[in-house]
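Let me begin by presenting the structure, written as structure tokens, before commenting on it.
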Amino acid sequence: MPALFYTTPFEISALLLRLVILLGSAHEKFGWVVNIASHYKKTAKSLNKRSKYLSLTSKQFN
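Here is the structure:
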């Protein structure tokens, strides 16, 4: 089992908050990284839609 199950919700929220703060401070320095990440996220969404469509069409032929 992953260690995530042994942590309390408070610890998880604290870790998430720390991550958000880190990302916020890093955004000024590494704004281009965030832009590239958002670009890849959009690409992944369109690929996901395409793969869903392909899986639906392949089910029709089987």
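Per mature numbering (1 follows the signal peptide of the UniProt record, and there is no 0), the sequence shown runs over residues -26 to -1, 1 to 36.
Cβ coordinates follow ideal geometry from the N, Cα and C atoms, glycine included.
Take the alpha-carbon of L(-10) and the one of E(-16): they are about 10 Å apart. Straight-line spacing of the CA atoms in L(-8) and K19 works out to 24 Å. Here the alpha carbons of S12 and G(-3) stand approximately 15 Å from one another. Put simply, the backbone Cα of L(-5) is about 34 Å away from that of R24.
Rounded to the nearest angstrom, the gap between the Cα atoms of Y27 and T17 is 15 Å.
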